[in-house]
Amino acid sequence: MIKVDSTMTASFDVDPQCGFTPLCPDELPIKEGNLIADELNAQSAFANFRIVSKDCHPAKAPWIAESAEQIMTPVEGEYPNLDIKWPAHCVVGTLGNSLIPGLPDEKEYDVVIEKGIDPLKHPYGACYHDLAEEEGTGIIEWLQERKVGTVIVGGLATDFCVKTTVLQLSTAGFKVILNLAACRGVAEESTQLACQLMKDKGVKIVTSSAELTN
Ligand code: VGL
């Protein structure tokens, strides 16, 4: 069991969007990605603040793969803030952009972080708009201002946006708890590697919110 002081704790829902679930099979469907809402809600009961990040992408960008073969191949050209290609996903104004069923309305969250709007940037973590981690989204300062010491994290996907957000929060000095039941990964192997890396950085990993106590 991990004891949590909710007055100093925030719950962070990373990109829990339909575009990362089987509800949007043409985007980036992650197996069972639509089934994490109950655990995200459960972990939020241990926190005074609740934050959600969203991928808010344009419909056209140099990182968008034009065929299945291009997915996860390097973006060619001079694009310092792009790494590999992905199918179009979470486009503003589409179902893929919306939060998965079972989560609160966006206006119920204390903060909604929108990232990836610039077609020349495709960030993974929710703390910075760029891969070099120079342009903050403001969330680190927001948490510090409220004396938050611990952040409980879940979302999509464990091996990409969740991993990067967790590492950014940990580097910024927060204690981070990763709730595996509130996450799903793109692939088994990269999810295992991501969990090992997070553990090595001092992140506490719980299998579900049943391992948390006040
Ligand atoms: C993500 C791949 C591409 C994620 C976003 O949310 O984990 N993964 N874009």
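Under numbering that gives the first Met the number 0, think of the first position of the sequence shown as 0, with each following residue one higher. Ideal Cβ placement from N, Cα and C applies to all residues, glycine included. Nothing here was measured: the structure is a model prediction, and the numbers come from that model.
Pairing W62 with V74 gives a Cβ-Cβ distance under 7 Å. The three-state reading of DSSP puts D129 in coil, since its state is none of H, G, I, E or B.
Under the three-state reduction of DSSP output, S5 falls in the helix class. For the alpha helix (DSSP H) assignment, the uninterrupted runs of no fewer than 4 residues enclosed by the stretch 35-98 are, from N- to C-terminal side, 36-43. For C160, the shortest C-beta to heavy atom distance toward ligand 1 is below 6 Å. In the structure shown, D12 adopts extended strand secondary structure according to DSSP, grouped into three states. In this structure, the straight-line span from the alpha carbon of R183 to that of G154 is close to 7 Å. Between F159 and Y123, the C-beta gap is smaller than 7 Å, which places the two residues in contact. Within the chosen limit of 6 Å, ligand 1 reaches the beta carbon of L155 through at least one heavy atom. Contact between G135 and Y127 holds: their C-beta atoms lie close to 6 Å from each other, under 8 Å. By the 16-neighbour rule on beta-carbons within 10 angstroms, Q191 is exposed.
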